[in-house]
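*Asks:* For the sequence shown, this note's numbering assigns the number 352 to the initial residue and increments by one for each residue that follows.
Note that CB positions come from ideal geometry on N, CA and C, so glycine has one too.
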Amino acid sequence: MLIGMSAIDPDDPRPPRRQLADLLRAAIITGKVKPGEKLPSGPELAQRYGVSKVTAQQAVAELRTEGLVFSRAGSGVFVKERTSKPVGLRPHLERAFVEPKVTVDFAGFAAETLHGAISEPLDKIRDGRFRPQSIDVRILVPDPGTPWSLPSRASDLADSPAFRRRMQRIMERHAFGIHDEVLELKRIGLIESASVQIRVYPAAPLFKLYVINQIDAFFGFYPIEEHQLPLDGEDTVMLDLVGKNANLFHLETDQADRESFQSQFIEECQRWFESVWKIGRDLEP
Numbered sequence: 352m353l354i355g356m357s358a359i360d361p362d363d364p365r366p367p368r369r370q371l372a373d374l375l376r377a378a379i380i381t382g383k384v385k386p387g388e389k390l391p392s393g394p395e396l397a398q399r400y401g402v403s404k405v406t407a408q409q410a411v412a413e414l415r416t417e418g419l420v421f422s423r424a425g426s427g428v429f430v431k432e433r434t435s436k437p438v439g440l441r442p443h444l445e446r447a448f449v450e451p452k453v454t455v456d457f458a459g460f461a462a463e464t465l466h467g468a469i470s471e472p473l474d475k476i477r478d479g480r481f482r483p484q485s486i487d488v489r490i491l492v493p494d495p496g497t498p499w500s501l502p503s504r505a506s507d508l509a510d511s512p513a514f515r516r517r518m519q520r521i522m523e524r525h526a527f528g529i530h531d532e533v534l535e536l537k538r539i540g541l542i543e544s545a546s547v548q549i550r551v552y553p554a555a556p557l558f559k560l561y562v563i564n565q566i567d568a569f570f571g572f573y574p575i576e577e578h579q580l581p582l583d584g585e586d587t588v589m590l591d592l593v594g595k596n597a598n599l600f601h602l603e604t605d606q607a608d609r610e611s612f613q614s615q616f617i618e619e620c621q622r623w624f625e626s627v628w629k630i631g632r633d634l635e636p
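(1) Would you mind stating whether His466 and His530 have Cβ atoms separated by less than 8 Å?
(2) Which word fits Lys436, buried or exposed, when buried means at least 16 other C-beta atoms lie within 10 angstroms of its C-beta?
(3) Does the distance from the C-beta atom of Leu582 to that of Ala513 stay below 8 Å?
(4) Report yes if the CB atom of Thr416 is closer than 8 Å to the CB atom of Leu371, and no otherwise.
(5) Beta-carbon within less than 6 Å of Lys537's beta-carbon, same chain only, minus the 5 sequence neighbours each way: which residues are those?
(6) Touch check for the region 476 to 485 and the region 496 to 511: three-plus C-beta pairs under 8 Å?
(7) Would you report the Cα separation of Val438 and Leu444, rounded to the nearest angstrom?
(8) Please return the same chain residues whose Cβ sits closer than 6 Å to the Cβ of Asp373, not counting the five positions on each side in sequence.
(9) Identify which residue in Asp633, Pro502, Ile539 has its Cα closest to the Cα of Thr587.
(10) What residue ranges within the region 521 to 582 form continuous beta strand (DSSP E) runs of no fewer than 3 residues, ordered along the chain?
(11) Would you please state the rounded distance, in angstroms, between the beta carbons of Val384 and Val430? I believe it to be under 8 Å.
(12) Inspect the beta-carbon positions of Leu580 and Leu440 and report whether they are closer than 8 Å.
(13) Out of Asp456, Gln409, Pro553, Ile380, point me to the one whose CA is closest to Ile566's CA.
(14) Give me the residue from His578, Pro493, Glu585 with the minimum Cα distance to Leu634.
(15) Tell me which residue opens and which closes the beta strand (DSSP E) that Ala637 is part of.
(16) Find the nearest neighbour of Glu610 within the set Ile575, Pro366, Leu534, Glu532, judged by alpha-carbon distance.
(17) What's the C-alpha gap between Ile380 and Glu532?
(18) Throw me the rounded Cβ distance for the Leu375 and Gly427 pair, which I believe falls under 8 Å.
(19) How about Gln613 and Glu603: do their beta carbons lie closer than 8 Å?
Printed below as a string of structure tokens:
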């Protein structure tokens, strides 16, 4: 099994290993190479695409770092089966709190998962196990005062003000809860600096994003599911965005290679977040 084009393009500004890694990644993501299928060997890749064996090894190593492939001793490199379990946000978030400065940027629907995940490291600050100097959290959630195209009533795909009021209560409970818990640590002198800013913007998200200390990112799509809720005294079937069923994909900046796929993806996530943050309006507790 050999994939795609005949050779690496010498006029492409990307280095050969990046071209080859991008080609293999695309084949895996689009399903041209199936989970469990073996990749060509290093010499086969080198011959097929006109690169050195070292370049081929570097390209495969990048995919291994991203968790797309794995090595089996004596057998070769295989495409990893996609796990149905979400990547664990909590351990990576806890790891961030070991650093002197902690930054968390979140964009999503209600900050419910973030509230649960951040509670544990905050508890460890209270009992003295973690001692960061500063914590800065920014939360982006949809404006509940603006009609949404999704979630919507299943019957006619119309906006539901009653559902938005319900979601506003949930958003405020979790976002304001994070605000109060973080600022309390500064008030009692356990951290030197604390900031929690919350903004709303005029769109409902179809994905959730966490950027932690500007080097870790977690990204996942919200599945749209139909379920019934009591709204304004009536059972209403809604097309809802269900965060608990969102699988999170973890990416980590490669400090040695700022042009790697993961490094560039996180950079673009941060750029997107900043652009939406600029148009949001503050939501005060």
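*Replies:* Concretely, from the data shown:
(1) Here the question's residue 466 lines up with position 115 in the sequence shown. Here the question's residue 530 lines up with position 179 in the sequence shown. No; because the gap between Cβ atoms is not below 8 Å, this pair is not in contact.
(2) Numbered from its first residue, the sequence shown carries residue 436 at position 85. In this predicted model, Lys436 has a pLDDT of only 42, less than 50, meaning its place in the structure is not dependable; the value taken from the coordinates is given anyway. By the neighbour-count rule (16 or more Cβ atoms within 10 Å), Lys436 is not buried but exposed.
(3) What you label residue 582 is simply residue 231 of the sequence shown in a count that begins at 1. What you label residue 513 is simply residue 162 of the sequence shown in a count that begins at 1. For Leu582 and Ala513, yes; Cβs fall inside 8 Å.
(4) Indexing the sequence shown from 1 puts residue 416 at position 65. Indexing the sequence shown from 1 puts residue 371 at position 20. No, the pair does not count as a contact, with Cβ atoms beyond the cut-off.
(5) Taking the sequence shown and counting its residues from 1, the one referred to as residue 537 is at position 186. Only Ala545 meet the Cβ criterion.
(6) no
(7) On the sequence shown, position 87 is the one that residue 438 refers to. On the sequence shown, position 93 is the one that residue 444 refers to. Note that Val438 has pLDDT 49, beneath the 50 cutoff, so the model's placement of it is unreliable and the number below is only indicative. Going by the C-alpha atoms only, they are around 12 Å apart.
(8) For the purposes of this step, residue 373 is taken as residue 22 along the sequence shown, with counting starting at 1. Answer for Asp373: no residue qualifies.
(9) Taking the first residue of the sequence shown as position 1, residue 587 is located at position 236. When only C-alpha atoms are compared, the closest one is Pro502.
(10) 544 to 552, 558 to 563, 567 to 572, 575 to 582
(11) Counting from 1 along the sequence shown, the entry for residue 384 is found at position 33. Counting from 1 along the sequence shown, the entry for residue 430 is found at position 79. Right, the Cβ-Cβ distance comes to about 5 Å (below 8 Å), so this counts as a contact.
(12) The sequence position of residue 580 within the sequence shown is 229, counting from 1. The sequence position of residue 440 within the sequence shown is 89, counting from 1. No, they are not a contact pair.
(13) Taking the sequence shown and counting its residues from 1, the one referred to as residue 566 is at position 215. The candidate whose alpha carbon is nearest that of Ile566 is Asp456.
(14) Along the sequence shown, read from residue 1 onward, the residue named residue 634 stands at position 283. If we check each option's Cα against that of Leu634, Pro493 comes out closest.
(15) Given that the chain is displayed from residue 352 to residue 636, the structure contains no residue 637 and the question cannot be resolved.
(16) The residue given as residue 610 occupies position 259 in the sequence shown. Out of Ile575, Pro366, Leu534, Glu532, Pro366 has the C-alpha closest to the C-alpha of Glu610.
(17) Locating residue 380 in the sequence shown gives position 29, where the first residue counts as 1. Locating residue 532 in the sequence shown gives position 181, where the first residue counts as 1. Rounded to the nearest angstrom, the two C-alpha atoms are 40 Å apart.
(18) Residue 375 sits at position 24 when you count from the first residue of the sequence shown. Residue 427 sits at position 76 when you count from the first residue of the sequence shown. Contact doesn't hold; Cβ gap of about 14 Å is too wide.
(19) Counted from its first residue, the sequence shown places residue 613 at position 262. Counted from its first residue, the sequence shown places residue 603 at position 252. Result yes, Cβ atoms of Gln613 and Glu603 sit closer than 8 Å.
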